[in-house]
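Chemist: Dropping a structure here in structure tokens format, bear with me for questions.
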Amino acid sequence: MLSNRAKNIKPSPTLAIDSKAKAMKASGVDVISFGVGEPDFDTPENIKEAAIKAIRDGFTKYTAVGGIDKLKDAIIEKFQKDNALSYKREEILVSCGAKHSLYNIMQALLGPGDEAIIPSPYWVSYPEQVMLAGAEPVYVRTFEKDSFRLEPEALREHITPRTKALILNSPSNPTGLTYDRRSLEAIAELAIKNNFYIISDEIYEKLLYDGTEHLSIASIGEEIKQRAIVVNGVSKAYAMTGWRIGYAAGPAQLIKAMTSIQSQSTSNPTSIAQMAALEALKGPQDSVGSMLAEFGKRRKALVEGLNSIPGMRCPMPTGAFYAFPNTKALYGKSPEIGSSSKLAMYLLEKANVALVPGDAFGDDDFIRLSYATSIKDIERGLGRIREALARF
Ligand code: PMP
Ligand code: GLU
Numbered sequence: 040m041l042s043n044r045a046k047n048i049k050p051s052p053t054l055a056i057d058s059k060a061k062a063m064k065a066s067g068v069d070v071i072s073f074g075v076g077e078p079d080f081d082t083p084e085n086i087k088e089a090a091i092k093a094i095r096d097g098f099t100k101y102t103a104v105g106g107i108d109k110l111k112d113a114i115i116e117k118f119q120k121d122n123a124l125s126y127k128r129e130e131i132l133v134s135c136g137a138k139h140s141l142y143n144i145m146q147a148l149l150g151p152g153d154e155a156i157i158p159s160p161y162w163v164s165y166p167e168q169v170m171l172a173g174a175e176p177v178y179v180r181t182f183e184k185d186s187f188r189l190e191p192e193a194l195r196e197h198i199t200p201r202t203k204a205l206i207l208n209s210p211s212n213p214t215g216l217t218y219d220r221r222s223l224e225a226i227a228e229l230a231i232k233n234n235f236y237i238i239s240d241e242i243y244e245k246l247l248y249d250g251t252e253h254l255s256i257a258s259i260g261e262e263i264k265q266r267a268i269v270v271n272g273v274s275k276a277y278a279m280t281g282w283r284i285g286y287a288a289g290p291a292q293l294i295k296a297m298t299s300i301q302s303q304s305t306s307n308p309t310s311i312a313q314m315a316a317l318e319a320l321k322g323p324q325d326s327v328g329s330m331l332a333e334f335g336k337r338r339k340a341l342v343e344g345l346n347s348i349p350g351m352r353c354p355m356p357t358g359a360f361y362a363f364p365n366t367k368a369l370y371g372k373s374p375e376i377g378s379s380s381k382l383a384m385y386l387l388e389k390a391n392v393a394l395v396p397g398d399a400f401g402d403d404d405f406i407r408l409s410y411a412t413s414i415k416d417i418e419r420g421l422g423r424i425r426e427a428l429a430r431f
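The opening position of the sequence shown corresponds to residue 40 in this note's numbering, with each subsequent residue numbered one higher.
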């Protein structure tokens, strides 16, 4: 009955683990969730008020497919202010979450015969979205010793005449890596020379620690800007995961095609959520800073705690809200915890702690824990993990 496309697609493992943890919680189990990457903070009050006002004002009808002009202008201002990037309205598309922006890009840019290079470990949806477009993901392994940076030499080795795009994610989910200017310049040079596009997922831009600065690869120069599509959104920075607003900026021709695809699938993103996103971008920004300060404390508590557990080794991430410890040393201790999936399942069942196995991100040597959860739960969760692993 099913199309080949449907037969081959895997459900999002991060969302699947979240559903499982939520179902366990609903049935009365005290699960501590380090699973899904979702801020536990409430959406700031001013943003909620803007949405309520939109409902009261009757702003509840279809809007322009690609988003209302006011929101596009706020996004243009954001790019100018934060990234020194100048875009016009026809170079912006607002979609139903950054995931949807990425989906539209893959559909508009990639097709059978094309290859998209994905540094691994990668965020779970990139390969699936590339395959849904009929193209082929080409993985380039990155290593803990290089802080999971994509090395230009490794990238060069994977470029072929069919390479159409490279998917870059800085700050990165799941590794917490942020790219510096030198690495981005080397990658940009290869993209220009070999004529491929860069899909730059910058959704964690606002979540940076220890003075790390964000640099958008598109801002390196005019030539790379013409080959870059920047993706961002309000989910992570403003605790707005449920509102579903993301956006993309790139060459007008591509944005136009993406808008046509969107016009035949979802139409506009929710009118009310667009007004909320407008307030998020234009209103007071202090909640971003206070959430970040809290994430910073949690990051330290989680990473230090993980490093004190025998068999785990966890570098300090510089961005996003994920710890990505190497757990390979544990796998040899018992078949029960003999891989990242087995370890994650064991911890869920025996310790009631939910986390994501590294194999979901293309690297079985690791597990991912989101620290978008309270310090209290981080401490309780660490205690449970330590205790559950002590018997090995
Ligand atoms: N990119 C990355 C790397 C992510 O972790 C997420 C989180 N879901 C997204 C894109 C999509 O975010 P959203 O669709 O909620 O805007
Ligand atoms: N990006 C988040 C994560 O990696 C949310 C889940 C998802 O969209 O897949 O956990």
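Built from N, CA and C at the ideal position, the CB exists for glycine as well.
None of these values were measured; they are calculated from a predicted model.
#1: When every heavy atom of the ligand PMP is checked, does at least one fall within less than 7 Å of the C-beta of T280?
#2: When you compare the stretch 150–164 with the stretch 331–351, are there three or more beta-carbon pairs, one atom per stretch, that lie closer than 8 Å?
#3: Answer yes or no: do L171 and R44 have a C-beta to C-beta separation smaller than 8 Å?
#4: On the three-state DSSP scale, how would you describe P158?
#5: Determine the burial state of A257: buried for a count of at least 16 other Cβ atoms within 10 Å of its Cβ, exposed for fewer.
#6: Going by alpha carbons, who is nearest to A287 out of A137, E77, S72 and I237?
#7: I'd like to know if the stretch 298–311 and the stretch 95–107 are in contact, where contact means that at least 3 CB-CB pairs between them fall below 8 Å.
#8: Counting only the same chain and skipping the five closest in sequence on each side, list residues whose C-beta sits under 7 Å from that of Q313.
#9: Can you give the beta carbon distance from A147 to K203, rounded, assuming they're within the 8 Å contact cut?
#10: Within a Cβ cutoff of 6 Å, which residues of the same chain sit near Y165, ignoring the five residues on either side of it in sequence?
#11: If we count Cβ pairs, one from each stretch, closer than 8 Å, do we get three or more for the stretch 226–246 versus the stretch 382–393?
#12: Could you tell me whether any non-hydrogen atom of the ligand GLU is closer than 7 Å to the CB of E77?
#13: H344 bridges to which residues according to DSSP?
#14: For M461, count the other beta carbons within 10 Å of its own beta carbon; 16 or more makes it buried, fewer makes it exposed. Which is it?
#15: Relative to the C-alpha of Y126, which candidate in G322, I94 and K264 has its C-alpha closest?
#16: Terminal residues of the continuous beta strand (DSSP E) containing T202?
#17: With DSSP as the reference, label I71 as helix, strand or coil.
#18: In the DSSP output, what is S134 paired with across the bridge?
#19: What number of angstroms, rounded off, separates the C-alpha of F360 from the C-alpha of I198?
#20: My assumption, with CB atoms under 8 Å, is that A340 sits in contact with G76. Please give the rounded CB distance.
#21: Give the DSSP-derived three-state secondary structure of L171 in the structure shown.
#22: Which one of E129, R128 and I114 has the shortest CA to CA distance from N122?
#23: Kindly give me the distance between the Cβ atoms of T181 and T251, rounded to whole angstroms, as I take these residues to be in contact under 8 Å.
#24: Quick one: which unbroken alpha helix (DSSP H) runs of 4-plus residues sit fully inside the stretch 212–267? Chain order, please.
#25: Cα-Cα, which of K336, G335, G371 and R337 is closest to M351?
#26: Does DSSP put Y178 in a helix, a strand or coil?
#27: Evaluate D403 with the Cβ neighbour count: other Cβ atoms within 10 Å of its Cβ, from every protein chain shown; 16 or more gives buried, anything less gives exposed.
#28: Counting C-beta neighbours from all protein chains within 10 Å, is the total for A474 16 or more, i.e. buried, or is it exposed?
#29: Expressed to the nearest angstrom, what Euclidean distance is found between the alpha-carbon atoms of S186 and L216?
#30: What whole-angstrom Cβ distance do I238 and P191 have, given they're in contact under 8 Å?
#31: Grab me the residues of K232's own chain with a C-beta within less than 6 Å of its C-beta, minus the 5 sequence neighbours each way, in chain order.
#32: Count the other C-beta atoms from every protein chain shown that fall within 10 angstroms of the C-beta of Y281, then say buried if there are 16 or more, exposed otherwise.
#33: Using a threshold of 7 Å, is the CB atom of S66 nearer than that to any non-hydrogen atom of the ligand GLU?
Modeler: A quick look at the data gives this:
#1: yes
#2: no
#3: yes
#4: strand
#5: Buried: at least 16 other Cβ atoms inside 10 Å.
#6: A137
#7: yes
#8: T102, G106, I107, L110, V133 and I284
#9: Not quite, the Cβ-Cβ distance comes to about 11 Å (not below 8 Å), so this is no contact.
#10: I157 and I206
#11: no
#12: yes
#13: First, the residue type needs correcting, since residue 344 is Gly and not His in the sequence shown. Answer is none; G344 lacks a bridge partner.
#14: Nothing in the structure corresponds to residue 461, since the chain is present only between 40 and 431.
#15: Looking at the Cα atoms, K264 is the closest of the given residues.
#16: T202 to N208
#17: strand
#18: G285
#19: Between F360 and I198, the C-alpha separation is close to 31 Å.
#20: Their Cβ separation, rounded to whole angstroms, is 17 Å, which puts A340 and G76 out of contact at 8 Å.
#21: helix
#22: I114
#23: Taking a contact as a CB-CB distance under 8 Å, the pair T181 and T251 does not count as one, their CB atoms being some 18 Å apart.
#24: DSSP runs (the alpha helix (DSSP H)) wholly in the stretch 212–267: 220–233 and 261–264.
#25: Nearest C-alpha to M351: G371.
#26: strand
#27: buried
#28: Nothing can be reported for residue 474, as the shown portion of the chain is limited to 40 through 431.
#29: 6 Å
#30: Between P191 and I238 the Cβ distance is about 18 Å, and since that is not below 8 Å, they are no contact.
#31: Correct list: empty, nothing qualifies.
#32: Inspection of the sequence shows that residue 281 is occupied by Gly rather than by Tyr. Result: exposed.
#33: no
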